[in-house]
Amino acid sequence: MATEDKLTTCSTPRYCQLRKVQLQPQWKIAGGILRVSITPEVTSRGVNRAVMGELVTLYRNSHLGGRLPAYDGRKSLYTAGPLPFTSMTFEITLQDEEDSLGGGQGGQRRERVFRVVIKFAARADLHHLAMFLAGRQADAPQEALQVLDIVLRELPTARYSPVGRSFYSPNLGRRQQLGEGLESWRGFYQSIRPTQMGLSLNIG
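Note that the working numbering numbers the sequence shown so that position 33 is 1423, with each residue one more than the last.
1. My assumption, with CB atoms under 8 angstroms, is that E1444 sits in contact with L1484. Please give the rounded CB distance.
2. Name the residue from S1581, V1432 and Q1586 whose alpha carbon lies nearest to the alpha carbon of R1505.
3. Rounding to the nearest angstrom, what Cα-Cα distance links E1533 and G1421 in this structure?
4. Hey, V1377 and Y1468 are a contact pair by Cβ (cut 8 angstroms); roughly how many whole angstroms apart?
5. Tell me which residue opens and which closes the beta strand (DSSP E) that T1429 is part of.
6. Taking I1540 as the reference, which of G1563, M1587, I1428 and K1465 has the closest Cα?
7. In angstroms, rounded to a whole number, what distance separates the CA positions of V1437 and I1428?
8. T1447 by DSSP, collapsed to three states: which one?
9. In terms of residue numbering, what span does the beta strand (DSSP E) encompassing V1553 cover?
Following this line, the structure appears as structure tokens:
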């Protein structure tokens, strides 16, 4: 659940606004932390996400228990609840959109095959985060905050172009032409923070 706080305008209102959303997590839900290995290894998070997206499309109902996992684009996968396996290997085929055999628009796209291994690593228990927010624990549990941050970034990552903790899109506002084929896009920054009122999702 989430409740929206008042809108706070930053010192440069022409360029940004900060919206705070108070989050009220369901603490009884324990998620799963899984390790992901993709072979051949690639450095692009975009390719990794494309591989994982295809995997979820093909195997969500048959092998993932109907769950929609959140992926950090590297080695970690998070689910709300356990998957029906502790370790499983998948073979995923992607078509390279930027390359075509024979050249030209009529060429056949090159296919790339990836081997994906998903292994259970640990339970993402939010109990310590609940204790911290209740004032019964001194230090904020960074692992739980990281899990929530990645889960909340899953949807905007799929919709926009992620750069660090920010997201950009040509559809978020008027684009500005910079010359020589370059243009600037508008975007926003997103982060989750523990506060005295609970968890806040800051979007600026």
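Note that CB positions come from ideal geometry on N, CA and C, so glycine has one too. On a predicted model such as this, the values are computed, not experimentally measured, just so you know.
In short, the structure shows the following:
1. Indeed, because the Cβ distance is near 6 angstroms, the residues count as touching under 8 angstroms.
2. Of the candidates S1581, V1432 and Q1586, the one whose C-alpha sits nearest the C-alpha of R1505 is V1432.
3. Spanning the two alpha carbons is a distance of roughly 12 angstroms.
4. With the chain represented from 1391 up to 1594, any question about residue 1377 goes unanswered, as that position is not in the structure.
5. First-last of the beta strand (DSSP E) with T1429: G1421 to T1429.
6. It is K1465.
7. If I take the Cα positions, the gap works out to 10 angstroms.
8. Three-state DSSP puts T1447 in a helix.
9. That run of the beta strand (DSSP E) goes S1551 to V1553.
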